[in-house]
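For reference, the structure is listed below as structure tokens.
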Amino acid sequence: MSDDPRTRETALDEEIDELAGEAPIEGARPGLQAARDALDTRESAIRDSVLRMGMLVESAIRQAGRSLELHDSALAMEVIGGDTTINDAQRAVSRLIVEAIATQQPVARDLRYLLTLDHVTYELERIGDHAASVAKQVLKLAPEPPLEGYVHLPEMTERAAVLIHGVLRALVDSDAAQAREVAVEDDEIDRLYHSTFDKGVEIMRRDPANVERGTRIIIASHYLERIGDRGTNIAEDIVYLVTGDVEDLNP
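Just so it is clear: in the sequence shown, position 151 is 151 by my numbering, and no numbers are missing.
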């Protein structure tokens with residue numbers, strides 16, 4: 001795809017128009033069943049778009065971690081540049097949702113489903129931002145030798161990616177129990193964040209020459225901790241979607 005933003009936007013609009021078009025559904029029956037089939041088709045297209053966006057986000061997290069381990073500034077730049085694609089995907093899904101609500105007039109569970117997916121895309125977009133922020137710290141860390149193996153950053157990155165993969169799987173399966181189970185991973189990410197913060201402060205106190213790298217490690221760990229929190233928010237969205245209950249999975 002061309003790097004020209006206008007070309008990219010046009011391509012996204014064409015994809016949206018194709019998914020949201022008013023072409024009749026093959027085999028559709030008149031009346032309520034035809035309306036039900038049309039809404040099911042729209043919801044399926046929207047869910048698939050959300051999942052594609054989620055896969056982009058998971059990949060961004062993993063690439064940010066890999067760029068850190070390999071001291072790869074070019075890969076970090078790819079993560080930063082790829083955030084635009086994630087943002088475009090979020091806007092595209094939001095437009096599909098608005099069009100589905102406007103043209104299909106969903107009520108009850110269908111409306112809850114669409115509004116929940118819209119919130120999921122918001123959380124995914126913010127997670128993409130956090131992955132790009134980690135990559136920006138990698139750009140500064142990459143030219144220097146690794147400090148204390150970057151403490152817990154590699155493990156935090158992997159756990160964050162696993163959490164996002166898990167909530168996407170729970171979304172596909174509409175599985176509230178699985179969403180609750182995946183959200184527990186955030187507790188370990190929080191523990192690693194606090195440990196990284198304490199270790200980073202210790203490293204900087206021990207040698208003032210480590211202040212810049214130590215600070216950047218702490219900043220990167222903060223963004224990874226936020227990814228865990230937002231992944232938990234998505235898990236809560238899934239529980240609400242399936243059960244209709246609002247649960248705090250990260251009290």
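We put the beta carbon where it would ideally sit given N, CA and C, even for glycine.
Of the listed residues the options, nearest to residue i (C-alpha basis)
i	options	result
A160	R42, M53, V57	V57
H194	V182, A170, R206, L224	L224
L114	I97, S59, I234	I97
D187	E123, R213, D48, M156	M156
N233	Q105, M77, D248	D248
H119	P145, A135, K140, R91	R91
E43	K136, L171, A100, G244	A100
T243	R226, H130, I189, R112	R112
A89	G231, D48, A235	D48
D129	P154, R95, N87	N87
R169	V246, A209, V50, N210	V50
M55	D37, L39, T85, R36	T85
A235	T121, A209, D37	T121
P145	H165, D190, A209, D198	A209
R62	P154, N250, G200, I189	P154
N250	G200, V211, I189	I189
Residue i classed as buried or exposed, judged by whether at least 16 other C-beta atoms fall within 10 angstroms
i	result
A64	buried
L117	buried
E125	buried
G27	For G27, the predicted model reports a pLDDT of 46, less than 50, meaning its position is unreliable; a value from the coordinates is still stated below. By the 10 Å Cβ count, G27 comes out exposed.
L70	exposed
Q105	exposed
R52	exposed
D237	buried
R109	exposed
A74	exposed
E123	buried
A135	buried
A295	Outside the displayed span of the chain (1 to 251) sits residue 295, for which this structure offers no information.
M1	Residue placement at M1 is flagged as unreliable, the pLDDT there being 43, under the threshold of 50; the coordinate-derived value follows with that caveat. Flag for M1 reads exposed.
A60	buried
G81	exposed
G228	buried
V167	buried
T103	exposed
V246	exposed
V239	buried
G149	exposed
Rounded Cβ spacing between residue i and residue j (contact assumed at less than 8 Å)
i	j	result
A252	V79	Residue 252 cannot be examined here, being either before or after the span of the chain that is shown, 1 to 251.
A142	D72	7 Å
L68	V138	5 Å
V152	T196	Residue 152 is actually His in this sequence, not Val. That belief holds up - the Cβ atoms of H152 and T196 are roughly 5 Å apart, short of 8 Å.
V93	I46	6 Å
R213	L147	5 Å
G231	L171	Not quite, the Cβ-Cβ distance comes to about 11 Å (not below 8 Å), so this is no contact.
Beta carbon proximity, residue i to chain B, threshold 8 Å
i	result
S44	In the structure shown, chain B cannot be found, because there is only a single protein chain.
Given 8 Å as the limit, is there contact between the region 209-223 and the region 166-183, that is, 3 or more CB pairs closer than that? no
Are there three or more Cβ pairs, one per stretch, closer than 8 Å when the region 201-210 is compared with the region 182-189? no
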